[in-house]
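Here's the structure we're looking at; comments come further down.
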Amino acid sequence: MNHQTPFVAAAYLSVAVATVSLAAMPTRAFAQAPLPTPITVPPPPAPPAPYLPFPQFGTLPLDEANNGFGFAQTTARAKNLQARMQWIDATANLDRVNSAEKVKAVVAAIKGAGFTDICFDIKPIGGEVLYNSKIAPKIKSFTKPGQPTKTLPFDFDPLAAMATECKAQGINLIVNFNAFAEGHLLFGTGPGFANRQWQTVLYEEKPTLLLPALSVPLTGGGGSGFPLTAPAPLSVAVRPNELPIEATEVAVYTDAAKVVADLPKRNPAAGFVVIVDAAGKVIAQVQGSQFAALSVAIPPGGAALVAQEETTASALRRYVVVGSKPVLSGSPKYVPIGDRPRRQIPLMTNPFREDVRARMLAILTEVVTNYDVNGIIFDDRLRYAGLDADFSPEAQATFTQYMGKPVAFPGDVLRYSYKFPTMERTMTPGKYYDAWLVFRALTLRNFLADATRTVKTIKPATTVATYVGSWYPDYPDVGANWASPDFRAGFRFLSPSYAETGWAGVTDFVVTGCYYNTATIAEAVASGVDIGETVEAAGQFSNRAVGNAAWVYAGIQLSDFAGKTPADLKRALQAAAATTQGVMVFDFSHDWEKWRPVLAEAFAKPATPPHLAPASLADVRAAQAAKKAAGIIDPPTILYRGKSGTGF
């Protein structure tokens, strides 16, 4: 056994000892365990009859055993509590709310269709508001490509008119704020551009192409020559198959057709293309002007490296030669989101900045103090721009303080890298990655608590709510934990610490975007659609995630039903209201008049919105607390596979 490692030797020793011990044991110790025998299991009970919130629409196969779960559901059903909200997007409906007469007509139409609430968007993503503010600029106009410009008269206050009409016509008014968005990246408008310090800071891993040093041959051809200094690395664009923002960057394409399309757009005479195979080896060099004519193919897994600036093209031609294998390197870079107009449409701001948070709280104070509104809601910009945000100095300093020890950014949190040559981005979590997720979510949860305290200190009866997408696994990336702190489910990110950041109990209700055009799980099974991509599954999961900490209302999007029938919308409304305590309809601009008869039929019987019954919510929360104190564990939450981005 001299050749064995200590570990293997120890293993042999253990076996020998065990053998001796077993041999010494009495024979009766080896009595055989009972052999398995058949068992009987009675059939499961018949599923409960479906709860039909709109019985006038006829029967519908619904999963009542899971839809009816929780004190919020049973309480709302017993007390005829049901929210019916109509969302009015600010910019999409600007031409419908730009006069007192139009506002009156809009309110009358919505009220007449049986809605209990109007959600009026008064601070859209552009940061310009729809009321007379001393803090934020007022929107003047909005232009969407291909559509006429919509304008708002300087002397007209849509929120004042909306508040007056809602009160006169007997419908609740909830106003919406895009909390951490202060500009429109497509149009370059909004106060966040002039106040660059507000912008969220993105972490990027900036890739560069390392170029080899050439050598000068020795006179007479002997030896290997004198090496020259290696040239400066070439900057590589991070978004494949796109014309880079910076002309000096090397673009990477995996689609030859897009190379052909983009080469003429920028200095085509200087363009130069290098083709690499899946192993990253250069197999061809092509002058850009000849690429289309030669019908150059990009091998599977390979790429085309394209330079369209003269100095970059010259370096590519000289150093990235056939047979060589370029090396991709990278280094961290921090950039404000305004420098990345292709990143996303909202110009997201930095929640770690005191001035950003204070400004939003001041806007809330201004609105709740000066206007007769029943509630406020934050839509889906109560979040970060993505997992790559926010990496500002404020965020780094605050996280270091939170950890109580030095943190090396970004690697201790996460680090991006790129696969060459396809430029597929990968992420490696750092040792503090889980703590980073908790810290980000905690920051947003505490801001929401500050906002709720601000609003209810001014007017205690004012409700506070959030809108989020229904696909919960999207939200760790953007830091918005909209569930109950007691929510437990089989998600890797949902640690006990992360769960504590759940904000549902800070609000009166949560609206989730269950934006699917397949209504029920049964319908999905019959049509071959993933059952998670249904209004019923999304609403059911939303109700479980919020877990009696607040009311839950399922949102449906009318544009999802373009080309569908009234029966399709009826089924979606039925599923939404059966799985949660209300329905939000988005948006008034989505061919609303076409669908008005269906909505009016659904909401013909009056109902009281749950958020106007605060005592009932208190009862629901008390019942949940008593259940928790008694040690009663909820059955597992069904994890449906929803569609990423739904409701975002």
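Position in the sequence shown counted from 1, then plus 9, gives you our numbering. Where a beta carbon is used, it is the ideal one built from N, C-alpha and C, also for glycine.
> If you follow the beta strand (DSSP E) that Asp577 is part of, which residue opens it and which one closes it?
Replying inline: According to the DSSP assignment, Asp577 belongs to no beta strand (DSSP E) but to the alpha helix (DSSP H) extending over 575–588.
> DSSP beta-bridge partners for Pro341?
Replying inline: For Pro341, DSSP records a beta bridge to Glu214.
> What are the start and end residues of the beta strand (DSSP E) that includes Glu73?
Replying inline: First-last for Glu73: 73–76, but that is the alpha helix (DSSP H), not the beta strand (DSSP E).
> Nearest to Val305 by alpha carbon, out of Tyr262, Ala279, Arg553?
Replying inline: Residue Tyr262 is the option with its Cα nearest to Val305.
> Since His193 sits in a beta bridge, which residues does DSSP pair it with?
Replying inline: Residue pairing by DSSP puts His193 in a beta bridge opposite Thr198, Pro355.
>> For Val112 and Gly201, I'd like the C-alpha separation in whole angstroms.
In response: For Val112 and Gly201, the distance between alpha carbons rounds to 29 Å.
> Is Ser625 helix, strand or coil by DSSP?
Replying inline: Helix at Ser625.
>> If we require 4 or more residues per run, which alpha helix (DSSP H) segments fall completely within the stretch 512–563?
In response: Qualifying alpha helix (DSSP H) stretches, in chain order: 530–536, 544–555.
>> Do Trp601 and Thr358 have their beta-carbon atoms positioned less than 7 Å apart in this structure?
In response: By the CB criterion at 7 Å, Thr358 and Trp601 fall outside the cutoff.
> In the structure shown, what three-state DSSP assignment does Gly488 receive?
Replying inline: In this structure, Gly488 counts as coil in the three-state DSSP scheme.
> In the structure shown, what three-state DSSP assignment does Thr28 receive?
Replying inline: Since pLDDT at Thr28 reaches only 47, below the 50 mark, its modelled position is unreliable, and the value read off the structure follows with that caveat. In the structure shown, Thr28 adopts helical secondary structure according to DSSP, grouped into three states.
>> Looking at the secondary structure, which residues open and close the beta strand (DSSP E) in which Ile97 lies?
In response: Counting along the chain, the beta strand (DSSP E) containing Ile97 begins and ends at 92–97.
> Name the DSSP bridge partner or partners of Tyr425?
Replying inline: DSSP links Tyr425 through a beta bridge to Met436.
> For Gln583, does the count of other Cβ atoms within 10 angstroms reach 16, so buried, or fall short, so exposed?
Replying inline: Classification for Gln583: buried.
> What is the DSSP secondary structure of Leu219, counted as helix, strand or coil?
Replying inline: The answer is strand: DSSP assigns Leu219 an E or B state.
>> Quick check on DSSP: helix, strand or coil for Leu182?
In response: In the structure shown, Leu182 sits in a strand (DSSP, three-state: E or B).
> Helix or strand or just coil, what does DSSP make of Ile127?
Replying inline: Of the three classes helix, strand and coil, the one that applies to Ile127 here is strand, per DSSP.
> Which residues in the same chain have their Cβ closer than 6 Å to the Cβ of Phe429, if we skip the five residues on either side of it in sequence?
Replying inline: Closer than 6 Å at the Cβ level, and outside the excluded window around Phe429, lie Gly289, Leu337.
> If you check the beta carbons only, do Phe418 and Phe448 fall under 7 Å apart?
Replying inline: In this structure, Phe448 does not lie closer than 7 Å to Phe418 by Cβ.
> Is it right to say Thr152 is buried, meaning 16 or more other beta carbons lie within 10 angstroms of its own, or is it exposed?
Replying inline: With fewer than 16 Cβ atoms within 10 Å of its Cβ, Thr152 is classed as exposed.
> Using the rule of at least 16 other Cβ atoms within 10 Å of the residue's Cβ for burial, across every protein chain shown, is Ala27 buried or exposed?
Replying inline: No answer about Ala27 holds up, because its pLDDT of 46 lies below 50 and its placement is not dependable.
> Which residues mark the beginning and the end of the alpha helix (DSSP H) in which Ala266 is found?
Replying inline: For Ala266, the uninterrupted alpha helix (DSSP H) segment begins and ends at 265–271.
>> Report the CB separation of Gly673 from Thr521 in whole angstroms; it is logged as a contact under 8 Å.
In response: Outside the displayed span of the chain (10 to 657) sits residue 673, for which this structure offers no information.
>> For Gly548, which residues in the same chain have their Cβ closer than 6 Å to its Cβ, ignoring the five residues on either side in sequence?
In response: Cys523, Ala563, Ala585, Thr588, Thr589, listed in sequence order.
>> My output table needs one value for Gly347: the three-state DSSP class, helix, strand or coil.
In response: Gly347: helix per DSSP, three-state reduction.
> Is Lys132 buried or exposed, if buried means 16 or more other CB atoms sit within 10 Å of its CB?
Replying inline: Counting every other CB atom within 10 Å of its CB across the protein chains shown gives Lys132 a total of 16 or more, marking it as buried.
>> Checking 7 Å against the spacing of the C-beta atoms, do Tyr476 and Ala546 come in under that value?
In response: No; because the gap between Cβ atoms is not below 7 Å, this pair is not in contact.
> Looking at the structure shown, is Gln294 part of a helix, part of a strand, or coil, going by DSSP?
Replying inline: If DSSP states are grouped into helix, strand and coil, Gln294 belongs with the strands.
> In the structure shown, what three-state DSSP assignment does Ala316 receive?
Replying inline: Residue state, collapsed to three classes: strand.
> How do the stretch 550–559 and the stretch 506–514 stand: do at least 3 beta-carbon pairs fall below 8 Å, yes or no?
Replying inline: As far as the Cβ criterion goes, the stretch 550–559 touches the stretch 506–514, which means the pair count is three or higher.
> In or out: Glu433 buried (at least 16 other Cβ within 10 Å) or exposed?
Replying inline: The residue is exposed, with fewer than 16 neighbouring Cβ atoms inside 10 Å.
> When you compare each of Ala581, Phe189, Glu137 to Thr452 by their alpha carbons, which one comes out closest?
Replying inline: Of the candidates Ala581, Phe189, Glu137, Phe189 places its Cα closest to the Cα of Thr452.
> Would the beta-carbon of Val561 fall within 7 Å of that of Thr471?
Replying inline: With respect to Thr471, Val561 sits apart: the two C-beta atoms are not nearer than 7 Å.
> Do three or more CB pairs link the stretch 387–399 to the stretch 487–498 at distances below 8 Å?
Replying inline: Yes: at least three Cβ pairs fall under 8 Å.
> So, are the CB atoms of Val416 and Thr461 less than 7 Å apart?
Replying inline: Contact annotation: Val416 and Thr461 have beta-carbon atoms that are not nearer than 7 Å.
>> Are the CB atoms of Glu319 and Ala260 within a distance shorter than 7 Å?
In response: No, Cβ-Cβ distance for Ala260 and Glu319 is not below 7 Å.
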